[in-house]
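Notes to accompany the following structure.
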Amino acid sequence: MLLTSPCAACGGLAPAGVAVCGRCTAELSPPPSLSVPLGLDACSTLLGYDDVERSLITALKNRQRRDLVGWLAAGLAAEVSEPAVGVVVTWAPTSPERRRRRGFDQAELLARALARRWGRPCRPLLRREPGPPQAGRSRIERRAHPGFAALRPVPRRVLLVDDVATTGATLTAAARALRRAGAAEVTAVVAARASGRSGH
Ligand SMILES: [Zn+2]
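Quick note, the numbering used here runs 2 ahead of the 1-based positions in the sequence shown.
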């Protein structure tokens, strides 16, 4: 019987079935106190985005530690109050290329895990827009400010889930697309939020 498994953050030993070891858990950062990103009615965050959190999100994205989905969903469900009946859960999708490369979209996995815990519906409502050619903008800028389009008329109340937010620009772009397609209330739940200025 396997009594230990590698910690998703440091690779050290953690009890079997536990994603993150005690030492890394003790080093987790609280979320930064930042204003709600534009376009959202509220935004709840579980963690900051420092060394341990970066390792965890990298492990989730690139090393396929899908057990972290359950770990993060449990943490979020304990922190964030259950959405009202009628709220539909969705996610800000990653680019199609990244999804193909990884074989999954971590934001979708997190959204589905949370919706299951809450007993709320979870539906894909957004796609990344390729957008017009953006001459003069770097790849990094385009990635930092993605465009989204709604896939269908969206429900009035939507809860948007994402794994990481830095500037909040991704959440703002997603919220705008949801409102253009009919959402009246858009809230967000984010696993980790950076206090820095560059990125998503
Ligand atoms: Zn660890």
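Yeah, the Cβ is synthetic: ideal placement off N, Cα and C, and Gly gets one too.
One question on the structure: do Ser97 and Arg125 come within less than 8 Å of each other, judged by their Cβ atoms?
Cβ atoms of Ser97 and Arg125: not closer than 8 Å.
Cβ of Val20 versus every heavy atom of ligand 1: is any distance shorter than 7 Å?
No, Cβ of Val20 sits at least 7 Å from all heavy atoms of ligand 1.
Out of Arg103, Leu173, Val160, Glu99, which has the shortest C-alpha to C-alpha gap to Pro132?
Looking at the Cα atoms, Glu99 is the closest of the given residues.
Here's the rule: buried if 16 or more other CB atoms are within 10 angstroms of the residue's CB, otherwise exposed. What is Pro134?
In this prediction, Pro134 scores a pLDDT of 47, lower than 50, which makes its location untrustworthy; the coordinate-derived value is nonetheless stated afterwards. Counting Cβ neighbours within 10 Å, Pro134 comes out exposed, since fewer than 16 surround it.
When the Cα of Asp164 is compared with those of Val156, Ala194, Glu55, which residue comes out closest?
Checking every option, the nearest Cα to that of Asp164 belongs to Ala194.
When you compare the CB positions of Val89 and Arg118, do they come within less than 8 Å of one another, or not?
Going by C-beta atoms, Val89 is not nearer than 8 Å to Arg118.
Do Pro39 and Thr174 have their beta-carbon atoms positioned less than 8 Å apart in this structure?
Yes, the pair counts as a contact, with Cβ atoms nearer than the cut-off.
Taking the alpha-carbon of Ala152 as reference, which of Pro32, Leu128, Ala171 has the nearest alpha-carbon?
With distances taken between Cα atoms, Ala152 lies closest to Leu128.
Assign Thr60 to one of three DSSP states: helix, strand, or coil.
DSSP places Thr60 in helix when its eight states are reduced to three.
From the DSSP output, in three-state form, read off Leu180 for me.
DSSP places Leu180 in helix when its eight states are reduced to three.
If you draw a straight line from the C-alpha of Glu187 to the C-alpha of Leu49, how long is it?
So the two alpha carbons sit approximately 24 Å from each other.
Who are Ser7's beta bridge partners in DSSP?
In DSSP, Ser7 forms a bridge with Ala16.
Among the residues of its own chain, which have a CB less than 8 Å from the CB of Ala61, if the five just before and after it don't count?
The answer, listed in chain order, is Ala10, Ala11, Arg67, Leu70.
Please give the ranges of any beta strand (DSSP E) in the stretch 52 to 135, keeping only runs that are unbroken, at least 3 residues long and fully inside the region.
As far as the stretch 52 to 135 is concerned, its whole beta strand (DSSP E) runs of at least 3 residues are 90 to 93, 128 to 131.
With the cut-off set at 8 Å, would you say Thr27 and Val192 are in Cβ contact?
No, they are not a contact pair.
Cβ of Cys9 within 7 Å of any heavy atom in ligand 1?
Checking every heavy atom of ligand 1 against the Cβ of Cys9, one is found closer than 7 Å.
Does at least one heavy atom of ligand 1 sit under 7 Å from the Cβ of Gly14?
For ligand 1, at least one heavy atom lies less than 7 Å from the Cβ of Gly14.
Looking at the unbroken beta strand (DSSP E) that takes in Cys45, where does it start and where does it end?
Per DSSP, Cys45 belongs to the beta strand (DSSP E) from 44 to 49.
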